[in-house]
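Asker:
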Amino acid sequence: MWTAQLERLPTKTKIASWGLNTSLSCAVCLIGIETRDHVLLHCGFAAEKWRAVFSKLDQYQPPCTTWAELLSWTRRSTVPAPSLLRKVVVQSVLYNIWRQRNNVIHNHILVPARTTFRVIDREVRNILFARRKRRKFKNLLICWLA
29 MWTAQLERLP TKTKIASWGL NTSLSCAVCL IGIETRDHVL LHCGFAAEKW RAVFSKLDQY
89 QPPCTTWAEL LSWTRRSTVP APSLLRKVVV QSVLYNIWRQ RNNVIHNHIL VPARTTFRVI
149 DREVRNILFA RRKRRKFKNL LICWLA
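If you read the sequence shown in my numbering, its first letter stands for residue 29, the second for the next number, and so on.
1) Rank Val117, Arg129, Cys171 and Ile137 by C-alpha distance to the C-alpha of Arg146 and give the top, closest one.
2) Check the C-beta distance from Gly72 over to Cys57 and give it rounded, since I have them as a contact under 8 Å.
3) Could you tell me which uninterrupted alpha helix (DSSP H) segments, each at least 4 residues in length, are contained entirely in the stretch 104-168, listed from first to last along the chain?
4) Looking only at its chain, what residues have a beta carbon closer than 8 Å to the beta carbon of Ile61, apart from the 5 residues adjacent to it on each side?
5) Buried or exposed: Gln87, going by 16 or more other Cβ atoms within 10 Å of its Cβ?
6) On the DSSP letters alone, give me the boundaries of the alpha helix (DSSP H) that Ala174 sits inside.
Rendered as structure tokens:
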């Protein structure tokens, strides 16, 4: 998460800025230019993940379109989706989107979006279940499963 926040992810635009000759198109969708915001927010693959997350946690809020909006949404706390739960979910989504991007580049395999969301769901459940005895995590699993 901090690597993305500091714009230190080795996206194709970043690699090209180092002087390497590479295609700038997104490895996943092959449509947009691969920037942090495109890969993690705008790419069709990423957008599908965010739609699923927002429908689960904040169904009346449309998915974020900028990095600043995502950070602001993450910090906001509501009864059905406390800030700590949002932070856990956002970290898991970002990690899994980046992992799939790397999977496409290095292994030439794109796992279906539905399967990836199941992985994210399982990861969030595991994180929350493992920490369920901690005061701050006490009711988060119930919020996620609701």
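Positions of the beta carbon are idealized from the N, C-alpha and C atoms, including for glycine.
Answerer: Quick look at the numbers:
1) Along the sequence shown, read from residue 1 onward, the residue named residue 146 stands at position 118. Out of Val117, Arg129, Cys171 and Ile137, Val117 has the C-alpha closest to the C-alpha of Arg146.
2) As a working mapping, residue 72 is identified with position 44 in the sequence shown. As a working mapping, residue 57 is identified with position 29 in the sequence shown. 5 Å between Cβ atoms; contact.
3) 111-135 and 141-158
4) Residue 61 sits at position 33 when you count from the first residue of the sequence shown. The answer, listed in chain order, is Lys40, Thr41, Leu52, Ser53 and Cys54.
5) The residue given as residue 87 occupies position 59 in the sequence shown. It is exposed - the Cβ of Gln87 has fewer than 16 other Cβ atoms within 10 Å.
6) One-based indexing of the sequence shown puts residue 174 at position 146. Looking at the DSSP string, Ala174 is not in any alpha helix (DSSP H), and its letter there is neither H nor E.
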